[in-house]
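Student:
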Amino acid sequence: MAAEIRLEKVRKAFGKVVAVKDMDLVVEPKEFLVLLGPSGCGKTTTLRCIAGLERVDQGKVYIGGRDVTVLPPSRRGIAMVFQSYAVFPHMTVAQNIAFGLRMRHTPKEEIKKAVKEVAELLQIDELLKRYPSQLSGGQRQRVAVARALVMRPEVLLMDEPLSNLDALLRLQMRAELKKLHREVGTTTVYVTHDQIEALSLGDRIAVMREGEIVQLDTPNEVYDRPATVFVAGFIGTPPMNFLRAEVKGSNGDVYLAVGDFAVEVHEEWREQLKEMVGETLILGIRAENIEVKSTPEEGALPAQVVVSEPLGSQQLLTVQVGNDVLKVATSPDLSVVPGQIIGLVLTKKKIRLFDVASGKALKFE
Amino acid sequence: MSYPRILRRTFLYMSVLTFALWVLVPILFIGISSFTPRNEIYKWPKPLLPSHFSLDTMQFFLNSYGVLSSLLNSVWVALLTLAFTLAVGAPAGYAVARFYFRGREGFRLGILVTRMFPTALLAVPLAVTFIRWGLYDTLIGVALIHTAMALPFAVIITTGIFMGVPKDLEEAAMTLGCSRFGAFARVALPLALPGLAAAAMFTFVISWNEVFAATILTVHNRTLPAHILTTIQASPLYFRFAGGFFMILPALFFMFLIRRYLFHMWGGATAER
Ligand SMILES: Nc1ncnc2c1ncn2[C@@H]1O[C@H](COP(=O)(O)OP(=O)(O)O)[C@@H](O)[C@H]1O
Ligand SMILES: [Mg+2]
Chain A
1 MAAEIRLEKV RKAFGKVVAV KDMDLVVEPK EFLVLLGPSG CGKTTTLRCI
51 AGLERVDQGK VYIGGRDVTV LPPSRRGIAM VFQSYAVFPH MTVAQNIAFG
101 LRMRHTPKEE IKKAVKEVAE LLQIDELLKR YPSQLSGGQR QRVAVARALV
151 MRPEVLLMDE PLSNLDALLR LQMRAELKKL HREVGTTTVY VTHDQIEALS
201 LGDRIAVMRE GEIVQLDTPN EVYDRPATVF VAGFIGTPPM NFLRAEVKGS
251 NGDVYLAVGD FAVEVHEEWR EQLKEMVGET LILGIRAENI EVKSTPEEGA
301 LPAQVVVSEP LGSQQLLTVQ VGNDVLKVAT SPDLSVVPGQ IIGLVLTKKK
351 IRLFDVASGK ALKFE
Chain B
1 MSYPRILRRT FLYMSVLTFA LWVLVPILFI GISSFTPRNE IYKWPKPLLP
51 SHFSLDTMQF FLNSYGVLSS LLNSVWVALL TLAFTLAVGA PAGYAVARFY
101 FRGREGFRLG ILVTRMFPTA LLAVPLAVTF IRWGLYDTLI GVALIHTAMA
151 LPFAVIITTG IFMGVPKDLE EAAMTLGCSR FGAFARVALP LALPGLAAAA
201 MFTFVISWNE VFAATILTVH NRTLPAHILT TIQASPLYFR FAGGFFMILP
251 ALFFMFLIRR YLFHMWGGAT AER
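These protein sequences, in sequence, are chains A and B.
Residues 1 to 365, numbered by my numbering, are exactly what the first sequence covers, in order.
Residues 1 to 273, numbered by my numbering, are exactly what the second sequence covers, in order.
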């Protein structure tokens with residue numbers, strides 16, 4: 001039932017705005033792929049190109065090996081959950097869910113059974129006789145998902161389905177969607193601008209920027225090894241910290257200079273970095289990969305505390321190093337005051353280096 | 001409340017009151033007079049309310065020569081106008097609401113510009129053309145002119161109505177197996193229906209009230225307003241009152257039903273349910 005989706009050099013422009021730029025993408029059967037990116041980067045347009053709601057300017061779209069580039073949505077074997085839910089206001093919940101099957105001329109008895117099944121799956125079987133105006137946002141959202149799932153689509157497309165729910169409901173629905181996907185196993189493309197949602201749901205995440213995919217990887221990989229400064233700055237709460245660092249060498253050794261401080265580098269990077277002595281790089285490190293010493297000490301990067309925010313399970317410090325501002329996660333027990341000078345120890349293995357001009361991560365073979 | 005504000009308020013309400021009276025007082029007099037016994041109409045000083053409610057005047061009016069046949073003509077013309085207008089106006093409104101095409105804004109404005117030509121200016125050429133085409137003194141001919149008059153409003157109103165039906169709904173229907181047209185018929189149309197009914201009533205009233213073109217383009221097949229206009233000089237006062245009241249009736253009734261849509265005419269009127 002689950003089909004592969006393949007985009008080949010898909011391009012879609014609206015006037016001068018190129019919303020999707022020659023995109024290549026393969027979504028494996030049964031995969032849960034998340035399209036993640038800031039607002040306006042072309043996620044929705046990409047999804048609509050797969051759905052057939054937008055005609056692509058160039059390139060090909062394949063679903064299950066079939067070229068569907070010029071087929072209308074109804075003949076692509078897809079189902080879609082809209083950001084606005086798009087539940088039909090003039091039909092009851094049951095009629096909404098049955099709509100697609102009726103269009104397919106499924107026998108009445110079968111429709112009834114299928115509607116009941118999917119309604120139970122989404123826990124809306126009590127609401128079947130109601131009209132959408134009598135439902136809460138969360139319930140409408142379930143109706144929209146049920147209406148899509150009942151079609152047993154080869155491909156399920158979801159456009160920010162949780163963005164209109166309040167925080168608590170979103171958390172609950174997120175887990176439920178994940179469970180649903182495990183049970184149903186449909187190939188899913190899920191659009192969101194919420195990186196936490198992406199990390200929690202995706203088998204893989206495609207991070208988009210200005211109509212292009214900048215990184216396509218598993219959540220762990222995207223989090224730990226962001227391909228560009230943009231990805232690193234977009235993913236994670238707080239996002240990755242950046243410091244300007246100069247590659248310096250002295251008698252055969254190589255290190256990264258942050259101001260007057262020398263940051264030691266990973267042994268495996270040394271050979272390659274020796275070639276780059278004199279260049280300036282961006283050093284990226286996540287908040288949780290910095291160890292805090294309450295006093296500046298040997299081997300620790302000195303920093304000044306700007307703000308400390310107790311967040312329950314951890315304490316988030318905003319500190320200043322030269323002109324760069326960093327976020328550092330520490331134990332809530334550590335007591336610091338604004339203005340205090342502390343020491344930071346960067347976990348060597350977790351440092352990520354980026355080229356200043358291109359923003360791309362350096363590759364070390 | 002500050003002093004200037006009170007002043008402004010007072011002025012506003014005074015204006016509203018003046019306009020309301022301006023429109024309502026004649027309607028009230030016409031209404032009362034048409035249910036006053038015929039002989040009482042000429043009494044002076046005039047009693048504020050008739051001595052008793054009477055259908056006498058109305059009856060006289062409806063039984064007068066030519067009234068019933070022109071009434072039927074009016075109904076026919078209005079219904080034809082309605083059919084033509086919706087057949088052209090609703091798709092046009094849908095297109096303006098849904099599709100982006102070059103000159104869309106120009107089109108929206110252009111629709112209104114057609115209303116800037118006074119019919120009087122077009123009267124003679126129209127009559128000549130209609131005679132040439134064999135449309136002169138026919139109900140269809142009058143209906144066509146009325147369609148031309150009602151169309152701009154119909155397009156504007158239906159545009160608002162269809163803008164109020166979210167595009168997502170039709171797209172959802174398309175992903176669920178509908179064709180483009182199927183999505184329109186099964187989703188957009190039912191949701192737009194109350195609004196379209198309002199547009200229909202509005203069109204009906206425009207045609208029902210139109211007098212100038214109807215008078216010029218007909219001789220024997222008069223519509224009711226044309227008939228009244230041409231006979232009014234030779235008619236007794238009570239005939240005029242009854243005729244006037246009869247003309248107002250559908251307008252009052254329909255306008256009351258659709259006032260919500262008229263308020264929303266320029267915005268995105270929603271076919272709320
Ligand atoms: N129908 C449209 N007409 C014109 N421009 C559009 C249309 N849809 C999207 N765009 C433009 O394309 C770009 C990508 O939009 P979209 O795919 O909706 O982004 P996202 O879903 O990532 O927020 C934006 O710059 C947007 O303004
Ligand atoms: Mg979007």
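Note that the Cβ used here is the ideal one computed from N, Cα and C, for glycine as well.
Relative to ligand 1, is the shortest distance from any of its heavy atoms to the C-beta of K43(A) smaller than 8 Å?
Tutor: By 1-based counting over the first sequence, the position of residue 43(A) is 43. For ligand 1, at least one heavy atom lies less than 8 Å from the Cβ of K43(A).
Student: Determine the contact status of T114(B) and L151(B), defining contact as a CB-CB distance below 9 Å.
Tutor: By one-based count along the second sequence, residue 114(B) stands at place 114. By one-based count along the second sequence, residue 151(B) stands at place 151. For T114(B) and L151(B), yes; Cβs fall inside 9 Å.
Student: Quick check: does the Cβ of A206(A) come within less than 8 Å of any heavy atom belonging to ligand 1?
Tutor: Walking along the first sequence from the start, residue 206(A) turns up at place 206. No, since every heavy atom of ligand 1 falls outside the 8 Å radius drawn around the Cβ of A206(A).
Student: Out of L168(A), T186(A), V307(A), which one is the CA nearest neighbour of V145(A)?
Tutor: Against the first sequence, residue 145(A) aligns to sequence position 145. The option with the nearest alpha carbon to V145(A) is T186(A).
Student: So is S74(A) in contact with chain B if we call contact Cβ pairs under 9 Å?
Tutor: Taking the first sequence and counting its residues from 1, the one referred to as residue 74(A) is at position 74. Yes, because at least one Cβ of chain B sits closer than 9 Å to the Cβ of S74(A).
Student: Please tell me whether, using a cut-off of 8 Å, the distance from the CB of Q315(A) to the nearest non-hydrogen atom of ligand 2 is below it.
Tutor: Translated into the one-based positions of the first sequence, residue 315(A) becomes position 315. Result no, Cβ not under 8 Å from ligand 2.
Student: For V302(A), which beta-bridge partners are listed by DSSP?
Tutor: Locating residue 302(A) in the first sequence gives position 302, where the first residue counts as 1. According to the sequence provided, residue 302(A) is Pro. The question's Val does not apply to it. P302(A) pairs with G343(A).
Student: Note down, in chain order, every chain A residue with its Cβ under 9 Å from the Cβ of P194(B).
Tutor: Mapped onto the second sequence, residue 194(B) falls at position 194. What P194(B) touches in chain A: nothing, since even the nearest Cβ is about 11 Å away.
Student: Which partner residues does L326(A) have in the DSSP bridge list?
Tutor: The residue given as residue 326(A) occupies position 326 in the first sequence. For L326(A), which the question treats as bridged, DSSP gives the partners V319(A).
Student: For a cutoff of 9 Å on Cβ pairs, would you count M174(B) as touching chain A?
Tutor: Locating residue 174(B) in the second sequence gives position 174, counting from the first residue. Chain A, which has a Cβ nearer than 9 Å to the Cβ of M174(B), makes this yes.
Student: Does the pairing of the stretch 13–27 of chain B with the stretch 212–228 of chain B give three or more beta-carbon distances under 8 Å?
Tutor: no
Student: Go ahead and pull the three-state DSSP assignment for L28(B).
Tutor: On the second sequence, position 28 is the one that residue 28(B) refers to. It is helical.
Student: Helix or strand or just coil, what does DSSP make of R104(A)?
Tutor: Within the first sequence, numbered from 1, the residue matching residue 104(A) stands at position 104. Shown here, R104(A) sits in coil according to DSSP, grouped into three states, outside any helix or strand.
Student: Could you compute how far the alpha carbon of T215(B) sits from the alpha carbon of V77(B)?
Tutor: Along the second sequence, one-based indexing puts residue 215(B) at 215. Along the second sequence, one-based indexing puts residue 77(B) at 77. Roughly 13 Å between the two C-alpha positions.
Student: Report the residue ranges of all alpha helix (DSSP H) runs contained in full by the stretch 164–209 of chain B; include only those spanning at least 4 residues, in chain order.
Tutor: 167–175, 180–183, 189–209
Student: If you measure between the beta carbons of L257(B) and M151(A), is that distance less than 9 Å?
Tutor: Position 257 of the second sequence holds residue 257(B). Position 151 of the first sequence holds residue 151(A). Their beta carbons are not under 9 Å apart, which means L257(B) does not touch M151(A) by this criterion.
Student: Measure from the alpha carbon of G312(A) to the alpha carbon of each residue in G65(A), R140(A), D333(A), V328(A), then state which is nearest.
Tutor: To locate residue 312(A), count along the first sequence from 1; it is residue 312. Of G65(A), R140(A), D333(A), V328(A), the residue nearest in Cα terms is D333(A).
Student: Grab me the residues of V61(A)'s own chain with a C-beta within less than 7 Å of its C-beta, minus the 5 sequence neighbours each way, in chain order.
Tutor: Counting from 1 along the first sequence, the entry for residue 61(A) is found at position 61. Around V61(A): L7, V10, C49, I50, V68, T69.
Student: Between D22(A) and T45(A), what straight-line distance do the alpha-carbon atoms span, to the nearest angstrom?
Tutor: Your numbering for residue 22(A) matches position 22 in the first sequence. Your numbering for residue 45(A) matches position 45 in the first sequence. So the two alpha carbons sit approximately 13 Å from each other.
Student: Check whether chain A comes within 9 Å of R180(B), counting only Cβ atoms and requiring the distance to be less than that.
Tutor: Taking the second sequence and counting its residues from 1, the one referred to as residue 180(B) is at position 180. Judged by the 9 Å Cβ criterion, R180(B) is in contact with chain A.
Student: Would T80(A) pass as an interface residue toward chain B - the criterion being a Cβ-Cβ separation below 9 Å?
Tutor: Taking the first residue of the first sequence as position 1, residue 80(A) is located at position 80. The question names Thr, but residue 80(A) in the sequence shown is Met. Yes, M80(A) lies at the interface with chain B (some Cβ there is under 9 Å from its Cβ).
Student: Determine, using beta-carbon pairs with one atom in the stretch 335–344 of chain A and one in the stretch 296–307 of chain A, whether at least three such pairs fall under 8 Å.
Tutor: yes
Student: For chain A, find out if any of its Cβ atoms is closer than 9 Å to the Cβ of L191(B); answer yes or no.
Tutor: Stepping through the second sequence from its first residue, residue 191(B) is reached at position 191. It does: the Cβ of L191(B) has a partner Cβ on chain A nearer than 9 Å.
Student: Would DSSP call D224(A) helix, strand or coil?
Tutor: Counted from its first residue, the first sequence places residue 224(A) at position 224. Three-state DSSP puts D224(A) in a helix.
Student: According to DSSP, E297(A) sits in a beta bridge with which residue or residues?
Tutor: In the first sequence, counting from the first residue as 1, residue 297(A) sits at position 297. Answer is none; E297(A) lacks a bridge partner.
Student: Which residue or residues does DSSP assign as beta-bridge partners of I111(B)?
Tutor: On the second sequence, position 111 is the one that residue 111(B) refers to. DSSP, once it has assigned bridges, lists no residue as partnering I111(B).
Student: Just verifying my parser: in three-state terms, what is the DSSP assignment at G387(A)?
Tutor: Outside the modelled stretch of chain A, which goes from 1 to 365, sits residue 387(A), for which no answer is possible.
Student: Starting from D24(A) and walking both ways along the beta strand (DSSP E), at which residues does that stretch end?
Tutor: Start at 1 with the first residue of the first sequence, and residue 24(A) comes out as number 24. Note, D24(A): beta strand (DSSP E), 17–27.
Student: Run the proximity test for V20(A): is its beta-carbon closer than 8 Å to any non-hydrogen atom belonging to ligand 3?
Tutor: Ligands present in the displayed structure are limited to ligand 1 and ligand 2, and ligand 3 is not among them.
Student: Within 9 Å of any Cβ in chain B, is that where the Cβ of A146(A) sits?
Tutor: Residue numbering aside, residue 146(A) sits at position 146 when the first sequence is read from its first letter. No, A146(A) lies away from the interface with chain B (no Cβ there is under 9 Å from its Cβ).
Student: Which of helix, strand or coil does DSSP assign to L35(A)?
Tutor: Working through the first sequence from its first residue, we reach residue 35(A) at position 35. In this structure, L35(A) counts as strand in the three-state DSSP scheme.
Student: Within this structure, are the beta carbons of F130(B) and L217(B) separated by less than 9 Å?
Tutor: Translated into positions along the second sequence, residue 130(B) becomes position 130. Translated into positions along the second sequence, residue 217(B) becomes position 217. Cβ atoms of F130(B) and L217(B): closer than 9 Å.
Student: Mapping DSSP to helix, strand and coil, what is P332(A)?
Tutor: Locating residue 332(A) in the first sequence gives position 332, counting from the first residue. Residue state, collapsed to three classes: coil.
Student: When the Cα atoms are used, what is the spatial distance from T445(A) to T188(A)?
Tutor: Here chain A covers residues 1 to 365 and nothing more, so residue 445(A) does not appear.
Student: Helix, strand or coil: how does DSSP classify E212(A) here?
Tutor: As a position in the first sequence, residue 212(A) is number 212, starting the count at 1. E212(A): strand per DSSP, three-state reduction.
Student: For R111(B), which residues of its own chain have a beta-carbon under 7 Å away from its beta-carbon, when the five flanking residues on both sides are left out?
Tutor: Locating residue 111(B) in the second sequence gives position 111, where the first residue counts as 1. Correcting the residue type first, residue 111(B) is Ile in the shown sequence and not Arg. Same-chain partners within the cutoff: P152, V155, I156.
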